[in-house]
Amino acid sequence: MRRRQFFALGLGTAALGLAGAACGTERRPTAGAVRVPFAIAPGAERWAGVTQALTRAAWQSGFMLSGRRQATTITVTGLPALAAAEIDAGPRLHETATPLVRLAGEVEAVVVPAGSPFHDFEDFGAQLLARPEETPLAGGPQGEPDHLLFGLIARGLGADARRIAYTGHAGPAEAADALRAGRAVAAAGSLRAWRAGLRKGRVRALAVSSARRVDGLDVPTLLESGVRIDFADWCAAVGPPGMPDELRATAIDMCERVAGSAPWHQACRAGGWQPIPLGGGDFEQWLASETARTRAVLRDLGLIDTPGTT
394 MRRRQFFALG
404 LGTAALGLAG
414 AACGTERRPT
424 AGAVRVPFAI
434 APGAERWAGV
444 TQALTRAAWQ
454 SGFMLSGRRQ
464 ATTITVTGLP
474 ALAAAEIDAG
484 PRLHETATPL
494 VRLAGEVEAV
504 VVPAGSPFHD
514 FEDFGAQLLA
524 RPEETPLAGG
534 PQGEPDHLLF
544 GLIARGLGAD
554 ARRIAYTGHA
564 GPAEAADALR
574 AGRAVAAAGS
584 LRAWRAGLRK
594 GRVRALAVSS
604 ARRVDGLDVP
614 TLLESGVRID
624 FADWCAAVGP
634 PGMPDELRAT
644 AIDMCERVAG
654 SAPWHQACRA
664 GGWQPIPLGG
674 GDFEQWLASE
684 TARTRAVLRD
694 LGLIDTPGTT
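In terms of this note's numbering, the sequence shown has 544 at position 151, counting the first letter as 1, and numbering is strictly consecutive.
What follows is the structure, encoded as structure tokens:
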């Protein structure tokens with residue numbers, strides 16, 4: 394199978410270079426702040442906003458981050474990097490980094506044009522199950538969260554995910570254009586990206602990917618719609634590989650405290666992220682399960698080889 398080249402996670406000197414910039418713009422913490430030997434950096438540009446918010450929340454929570462070269466870099470990364478590693482058959486996230494704490498996630502939505510004949514998710518699911526090739530779908534690039542969500546939906550419905558007609562786009566604006574032009578009958582994407590279209594009545598949401606309904610939005614979850622999926626485009630804090638136990642424990646403690654702080658929750662509300670903190674061994678166990686689920690759905694979608702094939 395010919396592999397696409399995906400944007401992979403960089404945990405090296407590029408992250409170190411970004412760390413100083415992220416920390417240097419923040420105001421100094423209050424007196425009595427705890428000095429920690431860490432800097433925080435994004436694993437890629439897509440996590441720059443989360444990184445800046447986490448850095449600010451850390452300082453506001455009383456952690457004085459280091460600006461020195463020898464500081465240990467805590468990197469913010471997430472699901473797209475995990476999926477890219479699987480597609481490229483490269484080292485997996487837990488092999489290239491030390492898992493610390495899951496931070497937040499973006500709820501995804503399945504949307505259709507305002508005038509769609511699909512009145513609800515049940516209508517859409519019935520067609521996807523019966524005629525996947527005749528149900529054109531849109532979202533972000535192949536192998537990224539939007540595509541993964543449709544793969545999970547197909548799996549939950551009992552449809553053949555390899556047969557779904559999915560077109561990946563550079564961003565939500567292009568996916569919205571595909572809906573308006575009739576090139577797609579449904580699209581997936583972060584709820585944050587679709588809110589303006591929902592508010593203006595240009596699109597309708599059939600379901601959201603979170604386990605619970607989103608406050609202020611009268612849209613059922615996929616779980617309510619008969620598809621057993623709890624899904625988010627999540628991000629997490631990780632350390633360098635081979636992190637010493639004592640340093641790792643200190644990093645987890647700091648990240649857990651910041652992830653539970655009022656400044657972080659305020660940042661999540663402003664950014665449209667859902668706080669989903671999980672740290673230490675519990676996060677490692679969850680990450681192993683999430684890696685297996687991601688690998689399975691990528692295989693369903695035909696993006697990685699099936700066992701025993703080349």
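We put the CB at the ideal spot given by N, CA and C, even for glycine.
One or two residues paired with residue i in a DSSP bridge
i, result
"isoleucine 467", "Ile433"
"glycine 695", "Its beta-bridge partners do not exist; DSSP assigns none."
"glutamate 501", "Ser583"
"proline 492", "Val631"
"phenylalanine 456", "Val427"
Beta-carbon proximity check, residue i vs residue j, cutoff 8 Å
i, j, result
"proline 656", "arginine 449", "yes"
"threonine 643", "valine 578", "no"
"cysteine 648", "glycine 609", "no"
"aspartate 553", "proline 525", "yes"
"histidine 562", "alanine 531", "yes"
Option nearest residue i by Cα separation, candidates the options
i, options, result
"alanine 586", "Leu447, Ala598, Arg641 and Ala441", "Ala598"
"leucine 475", "Ala441, Glu488, Ala566 and Ala426", "Glu488"
"alanine 663", "Pro633, Gln445 and Gly564", "Gln445"
"glycine 575", "Asp646, Thr560 and Gly674", "Thr560"
"leucine 615", "Pro670, Phe517 and Ser454", "Phe517"
"proline 633", "Trp440, Glu438, Thr465 and Trp452", "Thr465"
"lysine 593", "Ser654, Ala507 and Asp693", "Ala507"
"valine 505", "Leu572, Ala519, Gly544 and Ala451", "Leu572"
Cα-Cα separation, residue i to residue j
i, j, result
"glycine 533", "proline 637", "37 Å"
"alanine 502", "valine 601", "4 Å"
"tryptophan 666", "methionine 457", "25 Å"
"glycine 483", "histidine 512", "42 Å"
"valine 690", "arginine 548", "8 Å"
"isoleucine 716", "threonine 468", "The structure shown does not extend to residue 716, since the chain is modelled only from 394 through 703, so no value can be given for it."
"valine 500", "leucine 640", "32 Å"
"isoleucine 480", "aspartate 698", "9 Å"
"isoleucine 546", "proline 430", "43 Å"
"aspartate 693", "tryptophan 627", "21 Å"
"leucine 696", "glutamine 453", "43 Å"
"leucine 486", "isoleucine 433", "17 Å"
Chain D within 8 Å of residue i, Cβ atoms only
i, result
"glycine 442", "Within the model displayed, chain D is absent; a lone protein chain is all it includes."
>> Ignoring anything shorter than 4 residues, give me the alpha helix (DSSP H) runs that lie fully in the stretch 554-627, in order along the chain.
In response: 565-573 and 584-592
>> Just to confirm the assignment: which complete alpha helix (DSSP H) runs, minimum length 4, are found wholly within the stretch 616-686?
In response: 638-652 and 655-664
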